[in-house]
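Trainee: When we follow numbering that gives the first Met the number 0, the leftmost residue of the sequence shown carries the number 0, and every step to the right adds one. Using N, Cα and C, we set each Cβ at its ideal position, and we do this for glycine too. This one's a predicted model, so the numbers in the text were calculated from it and none came from an experiment. Sharing a structure with you now.
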Amino acid sequence: MSNYEGRWQTVKVDVAEGIGWITLNRPEKRNAMSPTLNREMIDVLETLELDDDAQVIVLTGAGESWSAGMDLKEYFRETDGKPEITQERIRRDCSQWQWKLLRMYSKATIAMVNGWCFGGAFSPLVACDLAIAADDAVFGLSEVNWGIPPGNLVSKAVADTMGHRQALHYIMTGETFTGRQAAEMGLVNRSVPKEELRDAVIALARNLLEKNPVVLRYAKQGFKRARELTWEQGEDYLYAKTDQSNYRDPEKGRKEGLKQFLDDKTIKPGLQAYKRG
Numbered sequence: 000m001s002n003y004e005g006r007w008q009t010v011k012v013d014v015a016e017g018i019g020w021i022t023l024n025r026p027e028k029r030n031a032m033s034p035t036l037n038r039e040m041i042d043v044l045e046t047l048e049l050d051d052d053a054q055v056i057v058l059t060g061a062g063e064s065w066s067a068g069m070d071l072k073e074y075f076r077e078t079d080g081k082p083e084i085t086q087e088r089i090r091r092d093c094s095q096w097q098w099k100l101l102r103m104y105s106k107a108t109i110a111m112v113n114g115w116c117f118g119g120a121f122s123p124l125v126a127c128d129l130a131i132a133a134d135d136a137v138f139g140l141s142e143v144n145w146g147i148p149p150g151n152l153v154s155k156a157v158a159d160t161m162g163h164r165q166a167l168h169y170i171m172t173g174e175t176f177t178g179r180q181a182a183e184m185g186l187v188n189r190s191v192p193k194e195e196l197r198d199a200v201i202a203l204a205r206n207l208l209e210k211n212p213v214v215l216r217y218a219k220q221g222f223k224r225a226r227e228l229t230w231e232q233g234e235d236y237l238y239a240k241t242d243q244s245n246y247r248d249p250e251k252g253r254k255e256g257l258k259q260f261l262d263d264k265t266i267k268p269g270l271q272a273y274k275r276g
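Below is the structure:
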């Protein structure tokens, strides 16, 4: 079993029963994302990607917050006077894990939103494949309240998940909303009472663990890319992803699934996954 205790300063990682638990670990700062945290998260994601013990990844926060967004002191004020190339690298590290790595990650990802989720935290939230929030989690796009538009890819993330009017309302007013409202607007898949949150996430992760990981990867990546393509491009791309999945799958899941359904008559694909060896 993998052991990452004490390896990172601002991130805690635990692996158990096929699930890799990534916890943003700055509770005294509501898990605000600093340049150090951003650099460490790149290493965390790249490390867990190669860890066979962690097949589903859960991203959450320590204490009462998921993440309060960017650390205004360390990410903004303390970097404003630094050389331009240094500022560019700090921005690049931020996007590297929050979007480029996480959005097309090779393993299934779940955001477990346990509390405050503000501003820049919307980017990794939406980059995760699935999300479950506590009913009383607090969400907010508060940038307008301190004098800037939403930064990085926050507006893009919100545009991809929330309705036009709803998104603009919160972007322009800076008002907060709850986990229950986030579920109603489609920002998260659902919300549950806080005391049930971890169990709900574990149940979802176990469902995903039953699936063929290669097929799961190409299914989610295919969907995300297809949203950016025309119908004609999507047809070619998705057929190619299907062929790629069949070729790269060591389990030969397509063949085994058809056998269990058509020949053995032991599964009903509409209701369950095929039984993996």
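1) From this set, 29, 134, 214 and 167, which residue's C-alpha is nearest residue 140's C-alpha?
2) Which partner residues of residue 111 appear in the DSSP bridge assignment?
3) Starting from the C-beta of residue 14, find all residues in its chain whose C-beta is less than 6 Å away, skip the five residues before and the five after it, and write them out in chain order.
4) Quick one, which of 194, 162 and 197 has its alpha-carbon nearest residue 180's?
5) Between residue 61 and residue 24, which are expected to be in contact by the criterion C-beta below 8 Å, what is the C-beta distance as a whole number of angstroms?
6) In terms of alpha-carbon separation, which member of 154, 193, 237 and 207 lies closest to residue 221?
7) Assign residue 145 to one of two classes, buried (16 or more other C-beta atoms within 10 Å of its C-beta) or exposed (fewer than that).
8) Grouping DSSP H, G and I as helix and E and B as strand, with all else coil, what is residue 105?
9) Taking residue 189 as part of the beta strand (DSSP E), name the residues at either end of that continuous run.
10) Name the residue from 249, 183, 247 and 126 whose alpha carbon lies nearest to the alpha carbon of residue 103.
11) Nearest CA to the CA of residue 174: which residue from 117, 206 and 200?
12) Assign residue 218 to one of three DSSP states: helix, strand, or coil.
13) Given that a residue counts as buried once 16 or more other Cβ atoms are within 10 Å of its Cβ, and exposed if not, what is residue 171?
14) For residue 130, count neighbouring Cβ atoms within 10 angstroms of its own Cβ and tell me buried if that reaches 16, exposed if not.
15) Would residue 112 and residue 12 be called neighbours here (beta carbons separated by less than 8 Å)?
16) Do residue 281 and residue 41 have their C-beta atoms closer together than 8 Å?
17) Are residue 70 and residue 33 close, meaning C-beta to C-beta below 8 Å?
18) Bridge partners for residue 204 per DSSP, in chain order?
Mentor: In brief:
1) 167
2) 131
3) 1, 52 and 53
4) 162
5) 5 Å
6) 237
7) exposed
8) coil
9) 189-191
10) Cα-wise, what sits closest to residue 103 is 126.
11) For residue 174, the nearest C-alpha among the options comes from 117.
12) Note: residue 218 maps to helix in three-state DSSP.
13) exposed
14) Counting the other CB atoms within 10 Å of its CB gives residue 130 a total of 16 or more, which places it among the buried residues.
15) no
16) An answer regarding residue 281 cannot be provided, because it is not within the stretch 0 to 276 covered by the chain.
17) A contact, by the Cβ cut-off of 8 Å.
18) Paired residues: none, contrary to the question.
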